[in-house]
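Some notes on the structure that comes next.
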Amino acid sequence: MDGLDEDRAIADLRALAQFGKVGTGVNRPALTDADVAAREWLRDRMAEAGLAATIDGIGNVYGRAPSAHIALLAGSHSDSVPNGGWLDGALGVVFALEIARARRAAHPNAAVGVDAISFSDEEGTFLACSGSRSFCGALTPSDLHGARNAARESLTGRLDSLGWSTRPLARLEPERHRAFLEAHIEQGPRLIESGHHVGAVTGIVGLRRRQVRFEGQADHAGTTPMAMRRDASMAMHAFALSAAKELRAAGSPDSVWNLGVVLVRPGAANVVSDEAEIVVEFRDLSTAVIDRMDEALRALIDRTDGAGGVRTTSSIIGRIEPTHMDERLVAIVETAAAQENARSERMQSGAGHDAMIVGRQIPAAMLFVPSLGGRSHHVSEDTDEADIRRGLRVYARAAQSILEALAPNGRGAL
Ligand SMILES: [Zn+2]
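Residue numbers (our numbering): 112 to 525.
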């Protein structure tokens, strides 16, 4: 891409990492003072680049190419988890800023431009992806008004105190925004382990959470013979071991699952437990596979119910549908990688991203760069600078191809 300046982008990444800096990472949860300062800084960089730059009514920093009627939307998020890494989100925001700046400088009057965005609160300090949801018109008033942080402060109250709540909301314009491109660190070990430079993301997995409850009877753990117990804890543990086998058989090679919530009541060493609860979360890129895994779980629950005098019931307590990236855009990312002599690999994203929300509205693609040690959501998160630079070149080349495809005389509309 004409005018791309790798050194300037690296300097911006380092400058952004000063906001909320903690050791080698950042502490920049959404709408904290550090996050607000970072957003104001980003808005100023976008304005300097000649974009019409604003912070909107939910905290999205949006820089609009003023001459353009059609735009590639480029971006990610600049908030972090508490004591998080310096690249999660920030990388994609700075890449977007850099290509918007290069495009604007090289073609100031082009009808096809790059709009850059840093979405608010991707990490869910108040409500996960509330910035991209708002941008896509997928944030209901009850979502907005119910959103609170861990200190019980409301999102609307915080926006009020910043003086942002009366500002207009930036919105997706399907006639203008024809494609979305998000760069991000992988946050896992696959690229670094396989020696690939770039991940061409095919989709973002969906997830389902089934809560399973076990009801038995509380008794003295010393005096009640084993054969007479209705032990909810034992039933739950037996279920957990079988569930892992069932999920492995029903899932795909890329499926993952987790038993991250386990409760036993009353929770005393000398009482046979009368109640237990476990949450089984499972993820895959295919809704059919997720359905199959859930079917296997329900069949196991039916077989388990009543065994040992323990009643077993369950319900779905969470579900997110998978989002598939646009195949044409994925191919553009792969081609761009090949042209930059970067080894690329198609992969799914096991983590949620803003592209999951935006990709439901317009064609979207993501590009991953390797994470050292697969580490993320921690101050130790890092990526080799050579990989950041290579990732930026691939990202810019993919953006250039998309811009050419979007041009009135382009190779075909996206
Ligand atoms: Zn992120």
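Just so it is clear, CB atoms sit at the ideal spot from N, CA and C, and this is done for glycine as well. Just so you know, these numbers come straight off a predicted model, no measurement behind them.
Residue j beta carbon less than 8 Å from that of residue i
i	j	result
GLY457	THR313	Position check: residue 457 holds Arg in this sequence, whereas Gly was assumed. Yes, the pair counts as a contact, with Cβ atoms nearer than the cut-off.
SER178	ALA221	yes
ALA281	ASP190	no
ALA355	ALA387	no
LEU270	GLU357	no
PRO193	VAL316	no
ARG319	ASP254	no
ASP498	VAL469	no
ARG119	LEU162	no
ALA217	ASP113	yes
VAL390	ILE428	yes
ALA201	LEU115	no
LEU283	PHE246	yes
HIS188	GLY242	yes
ALA164	ARG154	yes
Residue i (DSSP reduced to helix, strand or coil)
i	result
GLY203	helix
ILE169	coil
MET337	helix
GLU293	strand
VAL237	What sits at residue 237 in the sequence shown is Phe, not Val. PHE237: coil per DSSP, three-state reduction.
GLN472	coil
SER397	coil
HIS256	helix
GLY327	coil
THR494	coil
LEU198	coil
ARG278	coil
PHE479	strand
LEU250	coil
ARG269	helix
ARG454	coil
LEU127	helix
GLY136	strand
CA nearest to the CA of residue i, picked from the options
i	options	result
TYR506	GLY461, ALA448, VAL469 and ALA351	ALA448
THR334	GLN328, ASN381 and HIS307	ASN381
PHE393	ALA349, SER455 and ALA462	ALA462
ARG212	MET345, ALA239, ASN260 and VAL225	VAL225
SER455	ALA466, VAL441 and ALA351	VAL441
ARG376	PHE325, PRO433, ALA361 and ASN369	PHE325
ALA475	ILE513, PRO364, GLU432 and SER245	ILE513
GLY195	GLY317, LEU250 and ARG139	ARG139
MET337	TRP152, THR446, VAL383 and ASN520	VAL383
SER353	GLY299, VAL372 and THR415	THR415
GLY170	LEU162, TRP152 and HIS180	TRP152
GLY502	GLU297, GLU159 and GLY417	GLU297
ALA185	ARG289, ALA518, ASP385 and THR277	ARG289
ASN452	PRO219, PRO279, ARG500 and GLN322	ARG500
GLY484	THR494, LEU478 and ARG504	THR494
ALA343	GLY274, ASP402 and GLY417	GLY417
ILE332	ARG154, GLY429 and ASP385	Sequence check: residue 332 is Ala here, not Ile. For the residues ARG154, GLY429 and ASP385, the minimum Cα distance to ALA332 belongs to ASP385.
PHE350	GLY419, ARG430, ILE181 and ALA145	GLY419
ALA466	ARG175, ALA158 and VAL204	VAL204
ILE210	ARG471, TYR173, ALA160 and SER245	ALA160
ALA518	PRO279, ARG287 and ALA141	ARG287
Which residues DSSP lists as bridging residue i, in chain order
i	result
SER460	ILE315
GLY502	DSSP, once it has assigned bridges, lists no residue as partnering GLY502.
ALA164	GLY174
GLY224	ALA182
HIS188	PHE230
ARG430	ARG319
THR424	ARG324
ASN369	GLU392
GLU386	GLU326 and ARG376
VAL309	SER455
Closer than 8 Å to chain B by CB, residue i
i	result
SER178	Of the protein chains in this structure there is only one, and it is not chain B.
Mind the definition here: the stretch 229 to 248 touches the stretch 121 to 135 only if three or more C-beta pairs lie below 8 Å; say whether that holds. no
Specify whether the stretch 298 to 315 and the stretch 365 to 379 touch according to this definition: at least 3 beta carbon pairs, one from each stretch, less than 8 Å apart. no
Inspect the CB distances between the stretch 195 to 210 and the stretch 473 to 493 and report whether three or more fall short of 8 Å. yes
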